[in-house]
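Line by line, the protein sequences are chains A and B.
To convert a position in the first sequence, counted from 1, into this note's numbering, add 335.
To convert a position in the second sequence, counted from 1, into this note's numbering, add 4.
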Amino acid sequence: MSHITSKYLVQRSTALSHTAVWGGVVSAIVLVSVPLWGGVSLMRWGVEVICFLVLAQMWNLLAGYGGLISVGQQAFVGIGGYGLFIFAQHVGVHPFWSVLLGGILAAIVAALTAKLMFRLHAGYFAVGTWVLSEVIRIVASNLSMTGGGSGQSLTVMARMPREFRESGTYWIACALLIGASSTINLLLRSRFGLALTAVRDSETAAESQGVNVASLKFRVYVLSAFGTGLVGALYYLNTLRIAPASAFDLNWVVAAIFIVVIGGMGTVEGPIVGAAVFFGLRWLLADYGSWYWMAMGVIAVLVMVFAPKGIWGLIQNKTGVELLPMRRRLHLRK
Amino acid sequence: MTDWIGTIIQGSLLGGLYALFAIGLSITYGVMRVVNIAHGDFIVLAAYLALVSISMLGVHPFVVVMPVAIVMFALGYFLQRVLLNRTIGPDILPPLLVTFGLSILIQNGLLEVFSADSQALQVGDLSTASLQLPGGITIGVFPLMVFIVSLLLTVGVNLLFNRTTVGMSLRATSDDPATAGLMGIRSKHVYAMAMGLSFALVAVGGVLSGVRTTFTPGSGPASLLYAFEAVVIGGLGSLWGTFAGAVILGIAQAIGAEINAGFGVLFGHLVFLAVLIFKPTGLFARTR
């Protein structure tokens, strides 16, 4: 990352980013230690927060970096969840491994449908992915193996001792969060990330520079679906019960979009800020049902019109702060 | 055999309703390249507006169609002028996300005000009246009326686009906003007119749909999907193409429902996906 010659220095990290990374490491250690001192409800809430955060990060990867606005990510949440149930309940794989299998199943479905979806562009792509999600939902509702329209409970988990089940689920969540965040960070710092940003900014220009746009979009789509599938599997491992209406609920992607847009699309820190706003508002307006969603809607509209780069974008504009920088800086020396 | 013909006719009539939804979407996309995610929710909003006016004034639903259409036209014009015009540009994301936010806002707003109860607009006996056709096929009178209204409106909007100055400015702006501006056409006003027109059509569709089936605050997204599918199946550039797309969608849904009660909507989705696979530009597209 540091390239030293006599005249100039190309650097990516700054003092602030070093602090931020250490802060991240400390938070990660605290996060992982929760089962040792925290109660069950804290762990369950933690898993839920992690699910939404990783979901938002995956949508951000797809939309903010890949330029693909999808309103159909709930399909992969559902596939991940149903994958978990199929493998754990019906094939007999250990539930914790089934989470991974749920993610892989989502990635496979994404790979199979990507070509079809990519025939649509922009707004049409958005609604097209939504239609695909609806198709998958209807198929899942008619699958008697997993309880059809009314869903199923994950009864195999009863065989596991309760503490093991709870801590295990929580630690899978931590692994997912740490894994997803580090992967995204490393990915964006690599050539892949550079190509991705180039495609996002201008497809034709990127293509002219030799970037294989189609292959790039495909890989981002599948990767994002994999992460989203893992989230779905993890979420339903936590709740122990799945039903098509919930697994394929549009609100999954609504929440992801709100978190990313309000926090700041196309930045790594954005989803974290957005998730804080999302859960903060939820806590504040918990007793007011639909007012919570209306508030989110109003904030999203205002942010999009007045601050399209989101809250983190505003902060970045005012202070130039970058906790996890992607750009490289050139330092000239005398 | 007559069973299937009956199904196809029912589907076509359903398609007439979908055409009302779809043409509005086609206009906003054609002129402004905006996919209005809240389109379906405005359909539902129109139905609720009608509900409120009917209960306040005690009149027949058909009486409120015009007033609701005018109110919705104004709403669409205002929305575009004040909010959406700020987001139109090379980036497709802002208008998409703003309409997305609006969609959530409307759904939850309606939920707060009207609760999740199913509502319907009453027209008395007309909703169940039927007509006997040769060959032993019966069709509903109301669906037939909706189809005819939709047909007339499509003819009307086509005339508007092709024979009036308003229509000419709409077409010019959709082709090339900058040059249209040089000719003295104010694009902000034109976009607002297009949105208003779309909303007016949506209003008619909303009221008629409110009579035909029950609606709840959450009914919006389904209508958006049908409108969208109709536009994609029909292809861009021709209002009659969109109308045809809507009819095809209606027929697909009717056939699906005939095979298995839960499969109606699924068949529509599958036809949509099939068109995507085999003819992505749509069946009757005239522009790219």
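Every residue, glycine too, gets a C-beta built ideally from N, C-alpha and C.
* Which word fits Phe282(B), buried or exposed, when buried means at least 16 other C-beta atoms lie within 10 angstroms of its C-beta? -> Numbered from 1 along the second sequence, position 278 holds the residue referred to as residue 282(B). Its Cβ having fewer than 16 others within 10 Å, Phe282(B) is exposed.
* With a threshold of 16 other CB atoms inside 10 Å of the CB of Thr354(A), please say whether the residue is buried or exposed. => For the purposes of this step, residue 354(A) is identified with residue 19 of the first sequence, where counting begins at 1. Exposed, by the Cβ-count rule.
* Roughly how many angstroms lie between the CA atoms of Val211(B) and Val69(B), to the nearest whole one? -> Residue mapping note: residue 211(B) aligns to position 207 of the second sequence, counting from 1. Residue mapping note: residue 69(B) aligns to position 65 of the second sequence, counting from 1. Taking the straight line from one Cα to the other gives about 7 Å.
* Classify Lys552(A) as buried or exposed, calling it buried when 16 or more other Cβ atoms lie within 10 Å of its own Cβ. => For the purposes of this step, residue 552(A) is taken as residue 217 along the first sequence, with counting starting at 1. Buried, since its Cβ has 16 or more Cβ neighbours within 10 Å.
* Pick from Ala133(B), Thr32(B), Gly224(B), Ala50(B): whose alpha carbon is nearest that of Met76(B)? -> To locate residue 76(B), count along the second sequence from 1; it is residue 72. It is Ala50(B) whose Cα lies nearest to the Cα of Met76(B).
* Closer than 7 Å by C-beta to Tyr627(A): which residues in its own chain qualify, once you throw out the five before and the five after it? Chain order, please. => Stepping through the first sequence from its first residue, residue 627(A) is reached at position 292. For Tyr627(A), where only same-chain residues beyond five positions count, the Cβ hits under 7 Å are Leu616, Arg617, Leu620.
* Between the Cα of Ala449(A) and the Cα atoms of Ser468(A), Tyr343(A), Ala363(A), which residue gives the shortest distance? -> Sequence index remark: in the first sequence, residue 449(A) carries index 114 (1-based). Out of Ser468(A), Tyr343(A), Ala363(A), Ser468(A) has the C-alpha closest to the C-alpha of Ala449(A).
* Output, in chain order, the set of chain B residues within a Cβ distance shorter than 7 Å of Ala549(A). => For the purposes of this step, residue 549(A) is taken as residue 214 along the first sequence, with counting starting at 1. Within 7 Å Cβ-Cβ: nothing; Ala549(A) doesn't reach chain B, min ~15 Å.
* How about the stretch 38-54 of chain B and the stretch 106-116 of chain B: do they share at least three Cβ pairs that are nearer than 8 Å? -> yes
* Asked: Exposed or buried, which one is Phe561(A) when buried takes at least 16 other CB atoms within 10 Å?
  -> Here the question's residue 561(A) lines up with position 226 in the first sequence. The residue in question, Phe561(A), is buried, as its Cβ has 16 or more Cβ neighbours within 10 Å.
* Asked: When you compare only the Cα positions, how much space is there between Pro225(B) and Val48(B)?
  -> The residue labelled residue 225(B) in the question sits at position 221 within the second sequence. The residue labelled residue 48(B) in the question sits at position 44 within the second sequence. Their Cα atoms are separated by approximately 9 Å.
* To do: Rounded to whole angstroms, what's the CA-CA distance from Gly160(B) to Tyr230(B)? Just pull it up for me.
  => The residue you call residue 160(B) lines up with position 156 of the second sequence. The residue you call residue 230(B) lines up with position 226 of the second sequence. In a straight line, the C-alpha of Gly160(B) is about 22 Å away from that of Tyr230(B).
* Minimum length 3: unbroken beta strand (DSSP E) runs contained in the stretch 469-557 of chain A -> Inside the stretch 469-557 of chain A, DSSP marks no whole beta strand (DSSP E) run of 3 or more residues.
* Nearest to Phe247(B) by CA position, among Ile9(B), Ile12(B), Ala26(B), Ile13(B), is which residue? -> As a working mapping, residue 247(B) is identified with position 243 in the second sequence. Phe247(B) has its Cα closest to that of Ala26(B), out of Ile9(B), Ile12(B), Ala26(B), Ile13(B).
* **Neighbour-count burial assignment, Tyr400(A), 16 or more Cβ in a 10 Å radius** => To locate residue 400(A), count along the first sequence from 1; it is residue 65. Buried: at least 16 other Cβ atoms inside 10 Å.
* To do: Give the residues of chain B in contact with Leu461(A), contact being defined as C-beta atoms less than 8 Å apart.
  => Against the first sequence, residue 461(A) aligns to sequence position 126. A quick correction: the sequence has Ala, not Leu, at residue 461(A). Neighbours of Ala461(A) in chain B, taken as residues at a C-beta separation under 8 Å, are given in chain order as Val39, Ile41, Leu100.
* Nearest to Ile13(B) by alpha carbon, out of Gly286(B), Val145(B), Pro284(B)? -> Here residue 13(B) refers to the residue found at position 9 when the second sequence is read from its first residue. Closest option to Ile13(B), Cα to Cα, is Val145(B).
* Asked: Counting only beta-carbon atoms, is Trp465(A) nearer than 9 Å to chain B?
  -> The residue labelled residue 465(A) in the question sits at position 130 within the first sequence. True, the Cβ-Cβ gap to chain B drops below 9 Å.
* Mind checking which residues open and close the beta strand (DSSP E) that includes Arg664(A)? => Stepping through the first sequence from its first residue, residue 664(A) is reached at position 329. Note, Arg664(A): beta strand (DSSP E), 664-667.
* Taking 8 Å as the threshold, find out whether the stretch 651-661 of chain A comes into contact with the stretch 167-176 of chain B through three or more Cβ pairs. => Look at the beta carbons and you see the stretch 651-661 of chain A not touching the stretch 167-176 of chain B: under three pairs across the two are nearer than 8 Å.
* Among all the DSSP beta bridges, which residues are the ones paired with Tyr343(A)? -> Translated into the one-based positions of the first sequence, residue 343(A) becomes position 8. According to DSSP, Tyr343(A) bridges with Leu667(A).
* **chain A within 9 Å of Arg292(B), Cβ atoms only** => Here residue 292(B) corresponds to residue number 288 of the second sequence, with the count starting at 1. Confidence in Arg292(B) is poor, its pLDDT being 45 and thus under 50, which makes the residue's placement too unreliable to answer from.
* Taking 9 Å as the CB-CB cut-off, is Thr91(B) touching chain A? -> Here residue 91(B) corresponds to residue number 87 of the second sequence, with the count starting at 1. Closer than 9 Å: yes.
* Rounded to a whole number of angstroms, what is the C-alpha to C-alpha distance between Val428(A) and Phe422(A)? -> Here residue 428(A) is taken as the residue at index 93 of the first sequence, counted from 1. Here residue 422(A) is taken as the residue at index 87 of the first sequence, counted from 1. The alpha-carbon atoms of Val428(A) and Phe422(A) are separated by roughly 6 Å.
* To do: May I ask you to list the residues that DSSP assigns as paired with Gln136(B)?
  => Position 132 of the second sequence, counting from 1, holds the residue named residue 136(B). Beta-bridge pairing links Gln136(B) to Thr142(B).
* Is the Cβ of Gly624(A) closer than 9 Å to any Cβ of chain B? -> The residue you call residue 624(A) lines up with position 289 of the first sequence. Chain B, which has a Cβ nearer than 9 Å to the Cβ of Gly624(A), makes this yes.
* Asked: Are at least three pairs of beta-carbons, each pair with one atom in the stretch 473-488 of chain A and one in the stretch 572-581 of chain A, less than 8 Å apart?
  -> yes
* Option in Val117(B), Leu53(B), Ile92(B), Leu240(B) with minimal Cα separation from Leu79(B) -> Here residue 79(B) is taken as the residue at index 75 of the second sequence, counted from 1. For the residues Val117(B), Leu53(B), Ile92(B), Leu240(B), the minimum Cα distance to Leu79(B) belongs to Leu53(B).
* To do: Give a yes or no on whether the C-beta atoms belonging to Ile74(B) and Ala198(B) are separated by under 9 Å.
  => Your numbering for residue 74(B) matches position 70 in the second sequence. Your numbering for residue 198(B) matches position 194 in the second sequence. Contact: no.
* Name the two residues that bound the continuous alpha helix (DSSP H) containing Val127(B). => Within the second sequence, the letter at position 123 stands for residue 127(B). Here Val127(B) belongs to no alpha helix (DSSP H), and DSSP marks it neither H nor E.
* Tell me where the alpha helix (DSSP H) around Ile92(B) begins and ends. => To locate residue 92(B), count along the second sequence from 1; it is residue 88. Neither: Ile92(B) is in no alpha helix (DSSP H) and is coded neither H nor E.
* **Element boundaries [alpha helix (DSSP H), containing Ala204(B)]** => Here residue 204(B) refers to the residue found at position 200 when the second sequence is read from its first residue. 191-216 is the extent of the alpha helix (DSSP H) around Ala204(B).
* Residue-chain proximity (Tyr81(B), chain A), Cβ-Cβ < 9 Å -> Within the second sequence, the letter at position 77 stands for residue 81(B). No, its Cβ sits nowhere closer than 9 Å to a Cβ of chain A.
* Output, in sequence order along the chain, the residues in the stretch 583-607 of chain A whose CB is closer than 7 Å to any CB in chain B. => Leu585, Val589, Ile592, Val596
* Asked: Are the stretch 503-511 of chain A and the stretch 375-393 of chain A touching, with three or more C-beta to C-beta distances below 8 Å?
  -> Flag = yes, the stretch 503-511 of chain A and the stretch 375-393 of chain A touch.
* Asked: Hey, is the stretch 629-642 of chain A in contact with the stretch 589-599 of chain A, meaning 3+ C-beta pairs nearer than 8 Å?
  -> yes
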